[in-house]
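In my numbering, the protein residues as written are 1 to 539. Remarks on the structure that follows.
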Amino acid sequence: GGMEKIKQHTFALTHYTYTVLSTLKYANGAPVVRIYSDTDFSNPDVQGPIINFNVLDENGEVIGFSQVDKMASLYNIHVRTGCFCNTGACQMHLGISNEDIQRNLQAGHVCGDDIDLVDGRPTGSVRISFGYMSSFEDAQTFLKFIVATRLSESDTEIPFQFSVTKLTTESVPDDHPSFNNADELSPIPHISDRELGNNLSATKMTVNWQPPEAEAESVRAAVSETAVPTCRRGGKPITVTNIYLYPIKSCSAFEVTEWPVGNQGLLYDRNWMVVNQNGVCMTQKQEPRLCLVNPSIDLKKKVMVIQAEGMDPISVSLEENTGKDAVICESKVCSHRVKTYDCGERIADWFSLLLGRPCRLIRQSSDMKNRSHQKNTKGLASATNISLSLVNEAQYLLINVASILHLKEHISARLEEPLEIEELIRRFRANIVISAPESFEEEEWAEISIGALRFQVVGPCSRCQIICIDQQSGERNKEFLQSLSAARGRKTNFGIYLMNQPLRSSFPDILSVGSQVLPVLEENTEIQPPTSNEEKCSG
1 GGMEKIKQHT FALTHYTYTV LSTLKYANGA PVVRIYSDTD FSNPDVQGPI
51 INFNVLDENG EVIGFSQVDK MASLYNIHVR TGCFCNTGAC QMHLGISNED
101 IQRNLQAGHV CGDDIDLVDG RPTGSVRISF GYMSSFEDAQ TFLKFIVATR
151 LSESDTEIPF QFSVTKLTTE SVPDDHPSFN NADELSPIPH ISDRELGNNL
201 SATKMTVNWQ PPEAEAESVR AAVSETAVPT CRRGGKPITV TNIYLYPIKS
251 CSAFEVTEWP VGNQGLLYDR NWMVVNQNGV CMTQKQEPRL CLVNPSIDLK
301 KKVMVIQAEG MDPISVSLEE NTGKDAVICE SKVCSHRVKT YDCGERIADW
351 FSLLLGRPCR LIRQSSDMKN RSHQKNTKGL ASATNISLSL VNEAQYLLIN
401 VASILHLKEH ISARLEEPLE IEELIRRFRA NIVISAPESF EEEEWAEISI
451 GALRFQVVGP CSRCQIICID QQSGERNKEF LQSLSAARGR KTNFGIYLMN
501 QPLRSSFPDI LSVGSQVLPV LEENTEIQPP TSNEEKCSG
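Written out as C-alpha cells, the structure is:
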C-alpha cells in the first residue's frame, strides 16, 4: 500500500499509545506523564508518529530522562532523550529561558550527557517513535513498562480496556480522506488485568539530582588544615577493604591488596578495551560474556595474562608498542575520542574465538594519555583537567560495604532468595571498597584522604544495566537495577566518583587494603563529634 498505508499504521499506533498514556494516573489522581505536543493527535497530516513526554512522580515532579532511559533499556525499549537537536522547541515546551540555558551550561550540562535535571527542572525529555515495522505489541510493551515501573496494584484507573471499534473509529476524523474506512485498521490487542498483575510497588520519588561540582582550584589540593576529618557515629574508623582494577574495560576484575597509583588512577586500570570489527568499543551491555574474561597483571614480569574458561591463557606485554609496526587507530569512549593501537592478530583471534564474532584488543596510546576530564569547579569559572584512561567518567569509583548491605536487604526480599554480599560488590565494579559505619554517608563527602593520597569527590555514579549482569556467569536479571531504583527513591545512584593527581615524587604512591580513610564533609553538613578522646581522628 505504500506510504499511505504506513501513515495509517504508524498513526494508529501513536494515537493508541497517546490515548492510554495520557490517561494513566496515580492513586492520588496525579498524571503519570506530561506530554508535550502542539496537536491533539487527531490528524496524521499534522502529527507524526512520535510522542514526546516526561515521566512524573506522585507529587508531579519530573523524573529525569536518563533514569527513564536506563529503566527502559531493561525492557529492551529504545527511547531517545534530551532536546533532540531542537533547542527552540525544548525551550518552548519545558519553559527554559535563555538564562536557564546559560545556568545549565555553567552547571556542566552539555548536549548528549546524563544531566537531566538542574535544580529540579528538566533539561530535556523522552521521545518514542513508531515506524512501519512497529506493531501493537511494541506499543503494549512500552505501556506495560510505564505501568510496571510507575504504578502499584492499588492504582486501578488504568484504561487499557478499549474496544477495537472505539479505537479504530476515533483514531482519526471520519472525514479525513485517508481514514474513511475503519475496517482498514488492524485490531488492537488488549492488555489484560492478568498480564498487569505483577506490577512493581510504587515508591515515592523525589528527583533533584544535582550535577557534580569539583570544589577546589585543583583536585590534587590537599585537605585543608582547618577541615575536620569525619569521625561519625561513635568514631568507628573507616578503612579500605578491597581494591580492584579492570585492566580490560568491561572485563572481569583483578583484585589486589596493594597497588601503585599512576597519573590516571590505579596503574593499568582500563588501559585496554575490546572493539568490534568497526572499531566500536564493546561492553557488557552488548556482550555480557566479557565478564568471563579474567585479566591479571604481573608487575615483575611486566605482562598481562588473559584467561577464560575453555581457552588457553594468552599474555600481553605491559610494554607499550611504539615500533613502526604499531597500528594506530582512533576510538570513542562515551563520546570522547581516544587514540589507541592494536594489540595484534594473535590476541584478536583469541577474543574472536571466545566471543564468536570478529573483534580486536586495543590499548590506549601514551600520545593520548592526556585525555582530560573537565568538571566545573565551585567558585571558579575555569575547569580542572584530569588525565583519564578508558574509563567512562572518573579515575576511581568508590562504594561502601554498609550501603551494599542496605541494598542487599531490598534485593533479597524482592528476589525471595539469599544473596551473597560478594556478588553485589562484583556487580558494582568499584575500584575502592570501604567499610564505613553508615550506609550512603559517602555521598556527603567532599574530599577523602587514604594514606598520602588525596581524592576529590566529583559526584555520584548513576548506574546502568551492567549491574544486572552476574559477573560470575554473565546471566542478566533486570531486578537488580529496578531494586536499586526502588530502594533509592527511584534514582539509580550508587557509589561516588573520585579524582586524584598523585604526588610528584620519585616513589610511586601505593593504595593498600587496611588503610584508614579520612573524609571531609561537604559544606553545611553536620559532623557528629567523637564520643571519647580515644575515638578522635587525627588530622
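Beta carbons are placed, not taken as given, at the ideal position from N, Cα and C, and that holds for glycine. The structure presented is a predicted model; accordingly, all values stated were derived computationally and were not measured.
Just measuring C-alpha positions, the residue of N263, P519, V401 and I347 sitting nearest Q395 is N263. Excluding its 5 nearest sequence neighbours in each direction, I248 has C-beta neighbours in its own chain below 6 Å: W272 and P295, listed in chain order. Rounded to whole angstroms, the separation of the alpha carbons of N28 and G265 is 49 Å. Collapsing the DSSP output to three states places Q456 in a strand. When secondary structure is reduced to three states using DSSP, Y497 falls in the strand class. The beta-bridge partner set that DSSP reports for I51 consists of I128. Bridge partners of F254 according to DSSP: L245. The beta-carbon separation of I35 and Y16, rounded to 14 Å, does not stay under the 8 Å limit for a contact. Where A446 is concerned, the enclosing beta strand (DSSP E) starts and stops at W445 to I450. Looking at the backbone, the Cα of N242 and that of M92 are separated by about 49 Å.
Nearest to S129 by C-alpha distance, out of P49, G64 and C85, is P49.
If you look at Q516, you'll find it isn't in any alpha helix (DSSP H); it sits in the beta strand (DSSP E) that goes Q516 to L521. Under the Cβ criterion (8 Å, minimum of three pairs), the segment 299 to 307 does not count as touching the segment 429 to 441. From the listed residues G495, N477 and F11, the smallest Cα separation to S73 is found for N477. Annotated as proximal: S515 and T239, with beta-carbon spacing under 8 Å.
Nearest in C-alpha terms to T123, of all of G64, Y75, D69 and C468, is G64. For Y18, the enclosing alpha helix (DSSP H) covers residues G2 to T23. L405 is positioned such that its CB atom lies no closer than 8 Å to that of S412.
Linking L353 to S250 through their CA atoms gives a straight-line distance of about 18 Å.
Scanning S66, Y244 and L361 for the CA closest to the CA of M282 turns up L361.
In the three-state reduction of the DSSP assignment, C83 falls in the coil class, being assigned neither a helical nor a strand state.
In the assembly as shown, K70 is a buried residue. Its beta-carbon has 16 or more other beta-carbons within 10 Å. By the Cβ-count criterion, L105 is exposed, with fewer than 16 other Cβ atoms from all chains shown falling within 10 Å of its own Cβ. For M273, the uninterrupted beta strand (DSSP E) segment begins and ends at W272 to N276. In the three-state scheme derived from DSSP, where H, G and I count as helix and E and B as strand, D116 is classed as coil. Scanning its chain for C-beta atoms nearer than 8 Å, with the 5 sequence neighbours on each side dropped, one finds around E423 the residues D470, Q471 and Q472, in chain order. S42 carries a coil assignment under DSSP once its states are collapsed to helix, strand and coil. CA-CA distance, S66 to F145, rounds to 15 Å.
The C-alpha of G451 lies about 46 Å from the C-alpha of F84. The C-beta distance from F480 to I467 rounds to 5 Å, short enough to meet the 8 Å contact threshold. Inter-residue distance for R429 and N400 is about 12 Å (C-alpha atoms, whole angstroms).
DSSP places L353 inside the alpha helix (DSSP H), whose first and last residues are E345 to L355.
Of the other Cβ atoms in all chains shown, fewer than 16 fall within 10 Å of the Cβ of Q277; this residue is therefore exposed.
For N400, no alpha helix (DSSP H) segment is defined; the enclosing uninterrupted segment is the beta strand (DSSP E) at Y396 to N400. Under the three-state reduction of DSSP, P260 is assigned to strand. Going by beta carbons, R357 and C343 fall outside the 8 Å limit.
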